[in-house]
Each structure stands twice: as C-alpha cells, then as structure tokens.
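Trainee: Below is the structure I would like to discuss, written out as structure tokens.
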Amino acid sequence: YLHGQAELANCVALIKQHSRHFAKRQLTYFRNQMPTHWFDLVAHPEDKNAIVTLVQHWLKQR
C-alpha cells in the first residue's frame, strides 16, 4: 500500500488474515508444550483467587 502496489482494503484484509494464522500457530505451539491449564477470567472473574492458590501451590513444589 505504501508503495502504491496494493489497495488499502486488500492490505487490511491480509493483515487480519495473517494475524489470525499467527494466533493459531501460537495456540498450536502452546498446546504441544508442557501440560497447561487455561483459565478464562473474562468469562469467570471469580476464578482469580483459585488461580492464585494454584500458582502458589505449584511454586512451593519447585
């Protein structure tokens, strides 16, 4: 776009598509690493205290 070789709308669409693909690759990477517990604090903000307790327990084991 900056060099006049593409339309702005096409560049925006490509950036969005590449961002989605990058996010998908990140999730794939993290799923294949050590066991992970995912928490959704947006949907369940009340889980915050339980998460802190779990992390403290995990740190004590190390």
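Using our numbering, read the sequence shown as starting at 117 and increasing by one per residue.
Think of the CB as a built atom: it goes at the ideal place given N, C-alpha and C, for glycine as much as any other residue.
Note down the Cα distance separating Lys132 from Asp156, rounded to an integer number of angstroms.
Mentor: Your numbering for residue 132 matches position 16 in the sequence shown. Your numbering for residue 156 matches position 40 in the sequence shown. Taking the straight line from one Cα to the other gives about 24 Å.
Trainee: Just to confirm my understanding: we take His119, look at its own chain, exclude 5 residues before and 5 after, and list those with CB closer than 8 Å. What are they?
Mentor: Taking the sequence shown and counting its residues from 1, one reaches residue 119 at position 3. Answer for His119: no residue qualifies.
Trainee: Using only the alpha-carbon positions, how far apart do Thr144 and Gln121 sit?
Mentor: Here residue 144 corresponds to residue number 28 of the sequence shown, with the count starting at 1. Here residue 121 corresponds to residue number 5 of the sequence shown, with the count starting at 1. The straight-line gap from Cα to Cα measures roughly 33 Å.
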